[in-house]
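Residue numbers for the sequence shown follow full-length UniProt numbering, so the first one is 1 and each next one is one higher.
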Amino acid sequence: MPSTKLADNPDANDLADTRTAWAEDRTVLANERTFAGWMRTGMACIALALGLKAVFKDTDHLMLAKGVAEIFIVVAILIFWSSAQKCRQAKAE
């Protein structure tokens, strides 16, 4: 009768190692998806800033549009920076 204890069964140890490796791979892929999502959000902020500047370039409220566009550019830079930091932290773990 085969042993059901994990320590006595090398096949069970191999299976456990395989499952652990798969879990680590899933974690890496999840971190990459999260990083891509933050990059996408940052690009959307830049696109919004450029769109605001283009739409309001011929109006009387040019300074307001430029100010809001600059805020979105700064937000995009902060998003890029923080996502890069979080990616480095996740890779270090």
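Every residue, glycine too, gets a C-beta built ideally from N, C-alpha and C.
At the level of alpha carbons, what is the spacing between C45 and T20?
Looking up residue 45 in the sequence shown gives position 45. Looking up residue 20 in the sequence shown gives position 20. Going from the Cα of C45 to the Cα of T20 covers about 38 Å.
Could you name the residues of the same chain whose beta carbon sits closer than 6 Å to that of A54, not counting the 5 residues immediately before and after it, in chain order?
Residue 54 sits at position 54 when you count from the first residue of the sequence shown. None.
From R33, V74, G37, E93, pick the residue whose C-alpha is nearest to that of T48; which is it?
Looking up residue 48 in the sequence shown gives position 48. Here residue 48 is Leu; the residue named in the question, Thr, does not match the sequence. That would be V74, whose Cα lies nearest to the Cα of L48.
Given this structure, state the Cα-to-Cα distance separating K57 from C87, to the nearest angstrom.
As a first step, residue 57 must be located in the sequence shown, where it is residue number 57. As a first step, residue 87 must be located in the sequence shown, where it is residue number 87. Going by the C-alpha atoms only, they are around 37 Å apart.
What are the boundary residues of the alpha helix (DSSP H) that K86 is part of?
Sequence index remark: in the sequence shown, residue 86 carries index 86 (1-based). Run containing K86: 62 to 92, per the alpha helix (DSSP H) assignment.
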